[in-house]
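K.L.:
Chains as they are written, first to last, in my numbering: chain B, 520 to 740; chain D, 713 to 813.
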Amino acid sequence: MRFQDAAQDARAITYAAIQAEPVVAQAAGLLADATPAQRLLARAVMNGETLDPEGWRTMFPTLFGPDVEPAARERSGAVLAVSLAIADRGDQTRNQLRGALVESLTIELLARRVGTAGVRRERRILFDGVRAEIHPYDVTVERRGAAEAYDCKWGARGINADVLYQLEDARSNAEAEGEVLRVALVVFDTELSCQVRLERQTAAHDQTGLVAIESLGSLAL
Amino acid sequence: MTDAITLGDQAHVALAAYEDLASLAEDIEDEWTYVTDLSAAWRGRIEAVIDERGTETISAIQVSAISRAVDEIARISDPHRAIDWLSTYPQIVLVTLGEQP
């Protein structure tokens, strides 16, 4: 098993430009240390129709109500501001930024566990005698004997057969070579919604992990 | 003086809006099964809270929060975005009512 950079095609160039937007790193940094309610706020705002910050503060009294400590309210305010900055983009760009955010957040959290040098994005995984997947894996941890591969999704709806096959193929090909490759989905959505999605999937996924919005912190542990 | 609003009252308002959201999401025919399964799962969560705590009075701040969430989903016209909100909106309602999503 070996890892390789993805081809520098038009898709990769567009993707790199989106990833490089400062708002992506800013949002990932804030959400890495956010509470579950703050992550819910971010998801709601970035899915939202309205850009009125006062309306969002009204909708989240557990974050902005009169009983909330000023420091916590300030942090929620920062999450709200960066989420509005992403929401205030055209639909296509917003979708791209949200996807890039989940990947950056995953990288941020994984780096706390394995260090920044071991975490890579947009990498292909190659096996002897196996035709390589065209699509790269969103995030990989490249450590001998303890490699990991992640597919990152904004919502549970993004889970589909292709994604599950790609992850399971990598895991089973690694196993056939006597290597360990942990594979998982990282989804910025609740576990319940992901489980509902997964229940109808016939592609093998019993050995594919699931990191949902409630358990994002586990990536760092 | 206005009458106190119970958790059950406001949660039923929230559920009525959720039905409209689910109807919009069902326009995506390829996702019909997912939409119906997902909305049933979240509806069940909210109904369980109504069964357990429906007679409790909730604060004006909680009423405003849920009303604002209802207003937000009423603005949605894109069925794809409605699917995004099928899991987000019930979580907002549950968190506002002091529940885990």
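Every residue gets a Cβ at the ideal spot worked out from N, C-alpha and C, and that includes glycine.
All values derive from a computational prediction rather than experimental measurement.
Answer with buried or exposed for Q538/B, where buried requires no fewer than 16 other C-beta atoms within 10 angstroms of its C-beta.
P.N.:
Within the first sequence, numbered from 1, the residue matching residue 538/B stands at position 19. Its Cβ being crowded by 16 or more others within 10 Å, Q538/B is buried.
K.L.:
Closer than 8 angstroms by C-beta to V715/B: which residues in its own chain qualify, once you throw out the five before and the five after it? Chain order, please.
P.N.:
Here residue 715/B corresponds to residue number 196 of the first sequence, with the count starting at 1. Closer than 8 angstroms at Cβ, skipping near neighbours: A675.
K.L.:
Where does F707/B sit, in a helix, a strand or coil, going by DSSP?
P.N.:
Taking the first residue of the first sequence as position 1, residue 707/B is located at position 188. Coil at F707/B, not helix or strand.
K.L.:
Who are the near neighbours of Q685/B in its chain, counting only those whose CB is closer than 8 angstroms to its CB and skipping five residues on each side?
P.N.:
Counting from 1 along the first sequence, the entry for residue 685/B is found at position 166. Closer than 8 angstroms at the Cβ level, and outside the excluded window around Q685/B, lie E652, H654, Y656 and D670.
K.L.:
Give the range of the alpha helix (DSSP H) segment to which V782/D is assigned.
P.N.:
Residue 782/D sits at position 70 when you count from the first residue of the second sequence. Element bounds for V782/D: A772 to A786.
K.L.:
What residues from chain D crowd round A556/B, counting only those whose CB sits closer than 8 angstroms?
P.N.:
For the purposes of this step, residue 556/B is identified with residue 37 of the first sequence, where counting begins at 1. Residues of chain D passing the Cβ test: V807.
K.L.:
Looking only at its chain, what residues have a beta carbon closer than 7 angstroms to the beta carbon of A606/B, apart from the 5 residues adjacent to it on each side?
P.N.:
Position 87 of the first sequence holds residue 606/B. Cβ within range, chain order: V564, M565, G567, L570 and R613.
K.L.:
Sort A536/B, L683/B, F707/B and D708/B by Cα distance to T721/B and report the nearest one.
P.N.:
The residue labelled residue 721/B in the question sits at position 202 within the first sequence. For T721/B, the nearest C-alpha among the options comes from L683/B.
K.L.:
Secondary structure at D670/B, three-state DSSP: helix, strand or coil?
P.N.:
Numbered from its first residue, the first sequence carries residue 670/B at position 151. Of the three classes helix, strand and coil, the one that applies to D670/B here is strand, per DSSP.
K.L.:
Between A777/D and chain B, is the shortest Cβ-Cβ distance under 8 angstroms, so that the two count as touching?
P.N.:
As a first step, residue 777/D is located in the second sequence; it is residue number 65 there, counting from the start. Interface residue, yes.
K.L.:
Taking 8 angstroms as the threshold (C-beta atoms), are G720/D and G766/D in contact?
P.N.:
Position 54 of the second sequence holds residue 766/D. Position 8 of the second sequence holds residue 720/D. Yes; because the gap between Cβ atoms is below 8 angstroms, this pair is in contact.
K.L.:
Could you please give the first and the last residue of the uninterrupted beta strand (DSSP E) stretch that includes D524/B?
P.N.:
By 1-based counting over the first sequence, the position of residue 524/B is 5. From DSSP, the beta strand (DSSP E) with D524/B extends over R521 to D524.
K.L.:
Closer than 8 angstroms is the cut-off here; do at least three beta carbon pairs connect the segment 616-628 of chain B with the segment 530-549 of chain B?
P.N.:
Verdict: yes, contact present.
K.L.:
With D749/D as the anchor, note down where its alpha helix (DSSP H) starts and where it stops.
P.N.:
On the second sequence, residue 749/D is found 37 positions in, with the first residue counted as 1. Residues W744 to R765.
K.L.:
Quick check on the burial criterion: 16 or more other C-beta atoms within 10 angstroms. Buried or exposed for T533/B?
P.N.:
Translated into the one-based positions of the first sequence, residue 533/B becomes position 14. T533/B should be labelled exposed.
K.L.:
Go to R608/B, then tell me how far its alpha helix (DSSP H) extends in each direction, as first and last residue.
P.N.:
Taking the first sequence and counting its residues from 1, one reaches residue 608/B at position 89. Where R608/B is concerned, there is no enclosing alpha helix (DSSP H), given that its DSSP letter is neither H nor E.
K.L.:
Answer yes or no: do P813/D and L704/B have a C-beta to C-beta separation smaller than 8 angstroms?
P.N.:
On the second sequence, position 101 is the one that residue 813/D refers to. On the first sequence, position 185 is the one that residue 704/B refers to. No. Outside cutoff.
K.L.:
Could you tell me whether the Cβ of M713/D comes closer than 8 angstroms to any Cβ of chain B?
P.N.:
As a first step, residue 713/D is located in the second sequence; it is residue number 1 there, counting from the start. Unreliable positioning characterises M713/D in this predicted model, as indicated by a pLDDT of 47, which lies under 50. The coordinate reading is nonetheless provided below. No, its Cβ sits nowhere closer than 8 angstroms to a Cβ of chain B.
K.L.:
For the alpha helix (DSSP H) that I537/B lies in, which residues bound it at each end?
P.N.:
Here residue 537/B is taken as the residue at index 18 of the first sequence, counted from 1. Here the alpha helix (DSSP H) through I537/B covers A529 to Q538.
K.L.:
When we look at the beta-carbon of A665/B and count the other beta-carbons within 10 Å, is it buried (16 or more) or exposed?
P.N.:
Translated into positions along the first sequence, residue 665/B becomes position 146. By the 10 Å Cβ count, A665/B comes out exposed.
K.L.:
Exposed or buried, which one is P589/B when buried takes at least 16 other CB atoms within 10 Å?
P.N.:
Within the first sequence, residue 589/B is the residue found at index 70, counting from 1. Its Cβ having fewer than 16 others within 10 Å, P589/B is exposed.
K.L.:
Can you look up V805/D in the DSSP assignment and give me helix, strand or coil?
P.N.:
For the purposes of this step, residue 805/D is identified with residue 93 of the second sequence, where counting begins at 1. In the structure shown, V805/D sits in a helix (DSSP, three-state: H, G or I).
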